[in-house]
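As they're listed, the protein sequences go chains D and E.
The first sequence begins at 4 in the working numbering and counts up one residue at a time.
The second sequence begins at 49 in the working numbering and counts up one residue at a time.
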Amino acid sequence: MRRRTRDLIRRLLVTGLASMVTVVLIFPIYWLCTLSLQDGLTASSLPPKFIFWPTLANYIELFESSGFGAVAINSTIIALGTTVVALLLGTPAGYALARLRMGSSEGISFAVLSVRMVPSFVAVIPLFLILQWLDLFGTKVGVILADSLIGVSFVIWMMRPFFASVPVEIEEAAMIDGCSRAGSVCRVVLPLVAPGLVAAAVFTAIAAWNEFVFVLILGGEGAKTMPVALGGLVTEQRAEWGQLAAGGVLTVAPVIVFGLMVRRYFLSGLTAGAVNA
Amino acid sequence: MRGCHRHPRPVQENPEIRRRIERHVAGVYRGRRARRPAAEPWLYLAPALVWLAAFAIFPLVYTVNLSLRHLADPAQPMVGLRHYVELFNDPALLGSLRATAIFSVGTLSLSFVLGFAIALLLASEDLYGQAFFRTLIILPYLISPIVIGVAFRLMLHPILGVVNYVLGTRGVNWLGGANTAMLSVILITTWELTPFFALILLAGLLALPQEPYDAARVDGATRWQLFRYLTFPLLRPVSMLVLLIGVIDVLKVFAIIFASTEGGPARLTEVIGLYIYRTGFRFYRLDYASALAVVLVVGIAGIAFLTMRALGERTRGEAS
Numbered sequence: 004m005r006r007r008t009r010d011l012i013r014r015l016l017v018t019g020l021a022s023m024v025t026v027v028l029i030f031p032i033y034w035l036c037t038l039s040l041q042d043g044l045t046a047s048s049l050p051p052k053f054i055f056w057p058t059l060a061n062y063i064e065l066f067e068s069s070g071f072g073a074v075a076i077n078s079t080i081i082a083l084g085t086t087v088v089a090l091l092l093g094t095p096a097g098y099a100l101a102r103l104r105m106g107s108s109e110g111i112s113f114a115v116l117s118v119r120m121v122p123s124f125v126a127v128i129p130l131f132l133i134l135q136w137l138d139l140f141g142t143k144v145g146v147i148l149a150d151s152l153i154g155v156s157f158v159i160w161m162m163r164p165f166f167a168s169v170p171v172e173i174e175e176a177a178m179i180d181g182c183s184r185a186g187s188v189c190r191v192v193l194p195l196v197a198p199g200l201v202a203a204a205v206f207t208a209i210a211a212w213n214e215f216v217f218v219l220i221l222g223g224e225g226a227k228t229m230p231v232a233l234g235g236l237v238t239e240q241r242a243e244w245g246q247l248a249a250g251g252v253l254t255v256a257p258v259i260v261f262g263l264m265v266r267r268y269f270l271s272g273l274t275a276g277a278v279n280a
Numbered sequence: 049m050r051g052c053h054r055h056p057r058p059v060q061e062n063p064e065i066r067r068r069i070e071r072h073v074a075g076v077y078r079g080r081r082a083r084r085p086a087a088e089p090w091l092y093l094a095p096a097l098v099w100l101a102a103f104a105i106f107p108l109v110y111t112v113n114l115s116l117r118h119l120a121d122p123a124q125p126m127v128g129l130r131h132y133v134e135l136f137n138d139p140a141l142l143g144s145l146r147a148t149a150i151f152s153v154g155t156l157s158l159s160f161v162l163g164f165a166i167a168l169l170l171a172s173e174d175l176y177g178q179a180f181f182r183t184l185i186i187l188p189y190l191i192s193p194i195v196i197g198v199a200f201r202l203m204l205h206p207i208l209g210v211v212n213y214v215l216g217t218r219g220v221n222w223l224g225g226a227n228t229a230m231l232s233v234i235l236i237t238t239w240e241l242t243p244f245f246a247l248i249l250l251a252g253l254l255a256l257p258q259e260p261y262d263a264a265r266v267d268g269a270t271r272w273q274l275f276r277y278l279t280f281p282l283l284r285p286v287s288m289l290v291l292l293i294g295v296i297d298v299l300k301v302f303a304i305i306f307a308s309t310e311g312g313p314a315r316l317t318e319v320i321g322l323y324i325y326r327t328g329f330r331f332y333r334l335d336y337a338s339a340l341a342v343v344l345v346v347g348i349a350g351i352a353f354l355t356m357r358a359l360g361e362r363t364r365g366e367a368s
């Protein structure tokens with residue numbers, strides 16, 4: 004009896020501690036939502052209001068006066084484009100690296116990984132000039148090319164273990180039945196790794212959606228995305244707080260929704276270097 | 049290898065050779081395709097490799113080339129190592145390196161200790177709703193660093209910010225004060241990185257073998273001793289991995305600081321990323337910025353190499 008109470012108290016303590024940690028980790032996101040729903044007067048009142056009458060005025064203003072609609076479209080196109088390029092190039096390569104003989108495979112994999120180690124503010128220097136030669140500076144295509152640099156390497160690293168976990172025998176069986184290698188990969192292997200592919204696609208899209216430096220320097224006005232637009236809105240003036248918060252919420256919301264959908268794959272994604280550009 | 053496949057002698061005593069023979073025979077019956085050494089994978093690899101050569105290797109070489117030129121001169125002549133010599137007489141760089149060192153060490157150690165603690169908490173059998181907490185905790189790492197910077201900038205506002213209100217510290221200018229700016233930036237980045245560290249360490253914790261713990265408990269080990277002499281040493285490879293990824297991530301930090309302090313006040317939080325950005329794209333000294341970039345990449349590669357080697361020595365024994 005007594006022992007049971009002590010166990011219960013310990014469980015409650017541990018859970019309480021975890022809840023406190025979670026509150027600290029969630030609070031900034033919650034607060035951003037709060038600020039985005041307050042009118043200017045409420046947001047600038049002291050002490051800060053926790054309970055208030057919500058308004059969508061900030062969101063409306065964001066689209067009407069700050070032209071956030073075009074920026075949101077840019078963000079979407081760039082995220083989707085980067086995902087397509089990264090998957091098209093990265094998936095076959097990930098498969099190949101999973102099936103190649105060890106020696107060469109390890110060397111190439113490491114080379115691919117080292118791409119991820121280069122900070123974007125370094126990679127952007129040569130890309131700045133290269134995209135100007137190619138006449139792609141300030142275009143969405145240019146930004147997609149730059150973003151795919153990280154995307155391709157990430158997809159390769161994330162998909163390789165998924166492909167490696169599919170037994171070769173399954174493929175061979177398909178080939179006995181008359182499939183070519185490409186056919187057996189498409190009909191047998193890809194469906195097996197489909198969840199991994201979806202997760203890789205989501206992580207790539209999130210990374211491109213969040214990417215800041217490439218867009219800031221290579222994007223110009225024509226390919227401005229939501230993070231860069233927010234970076235431009237950051238000023239000391241109080242008047243823009245609501246819009247900043249609203250823009251922040253709109254930038255974060257899809258990431259959270261899609262991120263939670265693939266939460267089972269967080270770990271394989273994170274160790275392959277997902278998201279954080 | 050192939051020779052012994054072609055002339056299979058009856059060496060049936062050796063099971064390895066026997067297996068190879070059987071596999072070879074099976075391959076012959078399945079048709080040649082099944083067992084042919086894989087040339088086709090190279091075909092699948094080619095587009096990605098061409099891509100990486102064009103957009104990763106070539107730019108890197110080009111950066112080195114840029115760093116040796118004088119771009120302000122229309123002829124863009126080669127000036128050799130002049131920019132690299134300049135590195136040594138650049139007081140602003142020294143300041144930036146100092147900021148980078150404080151920022152990196154502070155962020156890494158805080159995130160690691162907190163991440164370890166949170167991982168232990170999330171691995172605890174006493175925790176209700178494990179799945180719930182394990183999912184929610186990762187959110188900070190998913191969201192855009194710019195939004196993180198913006199959110200904290202709003203929360204840390206000296207007069208209207210919610211942080212001063214909650215802490216009861218009135219009027220403290222966290223991001224603008226010379227004494228608090230670096231601390232604030234470190235804490236914000238720790239907020240972002242800790243969940244990531246925690247999740248990887250948690251995976252390591254959950255994969256630990258159970259037997260040593262049972263044995264130690266039979267011997268009457270306390271909880272602290274279990275941690276000190278079992279968990280911590282057993283998690284060493286995972287910890288090294290986390291720190292390797294962490295070092296690289298911390299050196300890559302740009303957007304959080306850009307959106308919160310912009311490197312200020314008085315460049316106190318201008319870490320290397322912001323310094324390279326300012327040199328290259330505010331002052332348009334792309335040649336000098338290239339030299340900085342080259343040195344940074346070499347440094348990161350060195351750190352990665354050393355950590356990988358340390359990691360390899362530790363794990364190779366268990367892996368295969």
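Backbone N, C-alpha and C fix where the C-beta goes; we use that ideal spot for every residue, glycine too.
Predicted model only: the values in this text are computed from it and were never measured.
(request) Could you tell me which of V345/E, Q124/E, L316/E, T111/E sits nearest to E227/E, measuring between CA atoms? (result) The count along the second sequence starts at 1 and reaches residue 227/E at position 179. Checking the sequence shown, residue 227/E turns out to be Asn, not Glu. Taking only the C-alpha atoms, the option nearest N227/E is L316/E.
(request) Could you work out which residues of chain E lie near N61/D, taking near to mean beta carbons separated by less than 9 Å? (result) As a working mapping, residue 61/D is identified with position 58 in the first sequence. Those do not exist, as N61/D stays about 12 Å from chain E at its closest Cβ, beyond 9 Å.
(request) Please list the partners that T111/E has in chain D, where partner means a Cβ-to-Cβ separation under 9 Å. (result) For the purposes of this step, residue 111/E is identified with residue 63 of the second sequence, where counting begins at 1. The answer, in chain order, is V125, A126, I128, P129.
(message) Which of the three DSSP states is assigned to R333/E in this structure?
(response) In the second sequence, counting from the first residue as 1, residue 333/E sits at position 285. The answer is coil: DSSP assigns R333/E none of H, G, I, E or B.
(message) Let's test the definition: count the other Cβ atoms within 10 Å of the Cβ of V255/D and tell me whether it reaches 16, buried, or not, exposed.
(response) Counting from 1 along the first sequence, the entry for residue 255/D is found at position 252. Result: buried.
(request) Starting from F269/D, find everything on chain E with Cβ-Cβ shorter than 7 Å and list it in chain order. (result) To locate residue 269/D, count along the first sequence from 1; it is residue 266. The answer, in chain order, is I186, L247.
(message) Counting beta carbon pairs with one atom in the region 166–176 of chain D and one in the region 244–258 of chain D, are three or more of them shorter than 8 Å?
(response) no
(message) Below 8 Å, how does it come out for the region 144–152 of chain E and the region 320–340 of chain E: are there three or more Cβ pairs, yes or no?
(response) yes
(message) Against chain E, does S168/D count as a neighbour if the rule is that its beta carbon must be under 8 Å from one of theirs?
(response) If you number the first sequence from 1, residue 168/D lands on position 165. Answer no: the Cβ-Cβ gap between S168/D and chain E never drops below 8 Å.
(message) On the CB-based measure, 16 or more other CB atoms within 10 Å of its CB, does L142/E come out buried or exposed?
(response) As a first step, residue 142/E must be located in the second sequence, where it is residue number 94. It counts as exposed.
(request) Count the other CB atoms, across all protein chains shown, that sit within 10 Å of the CB of E174/D; report buried if there are 16 or more and exposed otherwise. (result) One-based indexing of the first sequence puts residue 174/D at position 171. E174/D comes out buried.
(message) Run through the DSSP bridge pairs and tell me what R117/E is partnered with.
(response) Indexing the second sequence from 1 puts residue 117/E at position 69. R117/E is bridged to M126/E.
(request) Classify S107/D as buried or exposed, calling it buried when 16 or more other Cβ atoms lie within 10 Å of its own Cβ. (result) Position 104 of the first sequence, counted from the start, is the residue given in the question as residue 107/D. By the neighbour-count rule (16 or more Cβ atoms within 10 Å), S107/D is not buried but exposed.
(message) Mapping the DSSP letters down to three states, classify R182/E as helix, strand or coil.
(response) Position 134 of the second sequence, counted from the first residue, corresponds to residue 182/E. Three-state DSSP puts R182/E in a helix.
(request) Could you list the residues in the region 7–32 of chain D with a C-beta less than 9 Å from some C-beta on chain E, going in chain order? (result) D10, R13, R14, L15, L16, V17, T18, L20, A21, S22, V24, T25, V27, L28, I29, F30, P31, I32
(message) Less than 8 Å between the C-beta atoms of F217/D and P230/D, yes or no?
(response) The residue given as residue 217/D occupies position 214 in the first sequence. The residue given as residue 230/D occupies position 227 in the first sequence. In this structure, P230/D does not lie closer than 8 Å to F217/D by Cβ.
(request) Determine whether the Cβ of W244/D lies closer than 8 Å to any Cβ atom of chain E. (result) As a working note, residue 244/D is residue 241 in the first sequence. With 8 Å as the cut-off, W244/D counts as an interface residue toward chain E.
(request) Measure the beta-carbon distance from R201/E to L223/E and round it to whole angstroms, keeping in mind my assumption that it falls under 8 Å. (result) Along the second sequence, one-based indexing puts residue 201/E at 153. Along the second sequence, one-based indexing puts residue 223/E at 175. Yes, R201/E and L223/E are in contact; Cβ-Cβ is about 6 Å, under 8 Å.
(request) Verify the CB distance criterion: does W160/D have a CB-CB separation below 8 Å to chain E? (result) Taking the first sequence and counting its residues from 1, one reaches residue 160/D at position 157. No, no contact with chain E.
(message) For a quick check, are the C-beta atoms of S48/D and A249/D less than 8 Å apart?
(response) To locate residue 48/D, count along the first sequence from 1; it is residue 45. To locate residue 249/D, count along the first sequence from 1; it is residue 246. No, the Cβ-Cβ distance between S48/D and A249/D is not below 8 Å.
(request) Just mark E318/E as buried or exposed, buried being the case when its beta carbon has 16 or more other beta carbons within 10 Å. (result) Reading the second sequence from its first residue, position 270 is the one you call residue 318/E. Buried: at least 16 other Cβ atoms inside 10 Å.
(message) Cutting at 7 Å between CB atoms, please list the residues of its own chain near M126/E, excluding the five before and the five after it.
(response) By 1-based counting over the second sequence, the position of residue 126/E is 78. L116, R117, listed in sequence order.
(message) Could you tell me the alpha carbon to alpha carbon distance between I12/D and A203/D, rounded to whole angstroms?
(response) Counted from its first residue, the first sequence places residue 12/D at position 9. Counted from its first residue, the first sequence places residue 203/D at position 200. Taking the straight line from one Cα to the other gives about 41 Å.
(request) Determine contact between the region 122–131 of chain D and the region 189–197 of chain D, defined as no fewer than three beta-carbon pairs at a distance below 8 Å. (result) no
(message) Does N137/E come out as helix, strand or coil in the three-state DSSP assignment?
(response) Working through the second sequence from its first residue, we reach residue 137/E at position 89. Residue state, collapsed to three classes: helix.
(message) Do Y261/E and R14/D have their beta-carbon atoms positioned less than 8 Å apart in this structure?
(response) Translated into the one-based positions of the first sequence, residue 14/D becomes position 11. Translated into the one-based positions of the second sequence, residue 261/E becomes position 213. It is not a contact, given that the beta carbons lie outside the stated cut-off.
(request) Output, in chain order, the set of chain D residues within a Cβ distance shorter than 7 Å of D174/E. (result) Locating residue 174/E in the second sequence gives position 126, where the first residue counts as 1. Correct list: R13, R14, V17.
(message) I'd like to check one pair, G163/E with A94/E: are the Cβ atoms closer than 8 Å?
(response) Here the question's residue 94/E lines up with position 46 in the second sequence. Here the question's residue 163/E lines up with position 115 in the second sequence. In this structure, G163/E does not lie closer than 8 Å to A94/E by Cβ.
(message) Count Cβ pairs between the region 220–230 of chain D and the region 132–147 of chain D that sit closer than 8 Å; are there 3 or more?
(response) yes
(message) Could you tell me the alpha carbon to alpha carbon distance between H53/E and D174/E, rounded to whole angstroms?
(response) Here residue 53/E refers to the residue found at position 5 when the second sequence is read from its first residue. Here residue 174/E refers to the residue found at position 126 when the second sequence is read from its first residue. Because H53/E sits at a pLDDT of 45, beneath the cut-off of 50, its placement in the model cannot be relied upon, and the point is left open.
(request) Quick one: grab the DSSP three-state call for E172/D. (result) One-based indexing of the first sequence puts residue 172/D at position 169. Helix, per DSSP.
(message) Three or more C-beta pairs under 8 Å: does that hold for the region 107–116 of chain D against the region 177–186 of chain D?
(response) no
(request) Answer yes if the region 237–256 of chain E comes into contact with the region 185–194 of chain E, meaning at least three C-beta pairs across the two stretches below 8 Å, and no otherwise. (result) yes
(request) Step through the CB atoms of chain E and report whether any lies within less than 8 Å of the CB of N213/D. (result) The count along the first sequence starts at 1 and reaches residue 213/D at position 210. Yes - at least one Cβ of chain E is within 8 Å of the one on N213/D.
(message) Our contact map puts G235/D next to G43/D with C-beta atoms below 8 Å; I'd like the distance itself, whole angstroms only.
(response) Taking the first sequence and counting its residues from 1, one reaches residue 235/D at position 232. Taking the first sequence and counting its residues from 1, one reaches residue 43/D at position 40. Not confirmed; about 20 Å, so no contact.
(message) Give me the residue from D297/E, H131/E, G312/E, L170/E with the minimum Cα distance to V342/E.
(response) As a position in the second sequence, residue 342/E is number 294, starting the count at 1. The candidate whose alpha carbon is nearest that of V342/E is H131/E.
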